[in-house]
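Q: Dropping a structure here in structure tokens format, bear with me for questions.
Laid out in structure tokens, this is it:
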């Protein structure tokens, strides 16, 4: 059976921003099959994980960007030793800050974004694309590229899922190879989350790379090489 890398997309923008990374992973990991997995459109975590469990091949490596990384983590915890390993990109174990997890988005900022999503989908996507690109030297062009990349999934249910998921316990108890990559200029996931995650899972590899939240799109080759080296080491 060939090695499968299941790559889960983030909230709002569909799988288009991850296509360059998927291609780069196939080049960096010859023989592997990369499957781009769109997120299930539901706000219930258990239902979303059940849906993903049905479509993601058994035995696949689980990789995910942002919300996709959070779901990949939860699915890895569900599959246990049947999962060979986990890789996340710009993905916070807990996206919205809590009293015992300050390394995340402020609740009032998230609430404002959620209110906008409920009333103006087009404005939400524009703002989200700009936040994903913020910190890039070519932010305006990258934001436009992200917004025009394909079908968008900016719905309130999945946004609620982003707020509700809390993977801190899952990350701490996982006993499989883990690589968590963060972006140093991320406007959505503070770089402090990298340090906080490292304390939760001292056995995981946690690293920061230059770039914005969407650096997986801008620096696909560099990210893919890093991931391929990690998988080769873990294999």
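Residue numbers (the numbering used here): 49 to 283. Ideal Cβ placement from N, Cα and C applies to all residues, glycine included.
#1: Taking the runs of the beta strand (DSSP E) that are 3 residues or longer, which of them lie wholly in the segment 80-107?
#2: Under 8 Å, with one C-beta from each stretch per pair, do the segment 241-251 and the segment 267-283 reach the 3-pair mark?
#3: Does the segment 254-268 come close enough to the segment 227-244 that 3 or more CB-CB pairs lie under 8 Å?
#4: So, with DSSP's three-state summary, where would you put residue 236?
#5: Using C-beta distances below 6 Å, list every residue in its chain close to residue 135, excluding the 5 sequence neighbours before and after it, in chain order.
#6: If you drop the 5 nearest sequence neighbours on each side, which residues of the same chain put their C-beta closer than 7 Å to that of residue 150?
#7: Which runs of the alpha helix (DSSP H) spanning at least 4 residues fall entirely within the segment 127-193, listed in chain order?
#8: Taking just the CA atoms, how far does residue 129 sit from residue 181?
#9: Who does residue 227 pair with in a DSSP beta bridge?
#10: Could you check if residue 155 is buried or exposed, using at least 16 other CB atoms within 10 Å of its CB as the buried criterion?
#11: Give every residue of the same chain whose Cβ lies closer than 6 Å to the Cβ of residue 91, excluding the five residues on either side of it in the sequence, and list them in chain order.
#12: For the beta strand (DSSP E) holding residue 113, just list the boundary residues, first then last.
#13: Quick one: residues in its chain with C-beta nearer than 6 Å to the C-beta of residue 105, no 5 flanking neighbours on either side, listed in chain order?
#14: Using only alpha-carbon positions, find the residue among 245, 194, 239, 196 that is nearest to residue 219.
A: Quick look at the numbers:
#1: Fully contained in the segment 80-107 are the following beta strand (DSSP E) runs of length 3 or more, in chain order: 81-85.
#2: Too few Cβ pairs lie closer than 8 Å, so no.
#3: Three or more Cβ pairs closer than 8 Å define a contact, and the segment 227-244 meets that threshold against the segment 254-268.
#4: coil
#5: 111, 227, 275
#6: none
#7: 155-167, 169-181
#8: 36 Å
#9: Among the bridge pairs identified by DSSP, residue 227 is matched with 135, 253.
#10: exposed
#11: Hits under 6 Å: 205, 208, 209.
#12: 109-113
#13: 52
#14: 245
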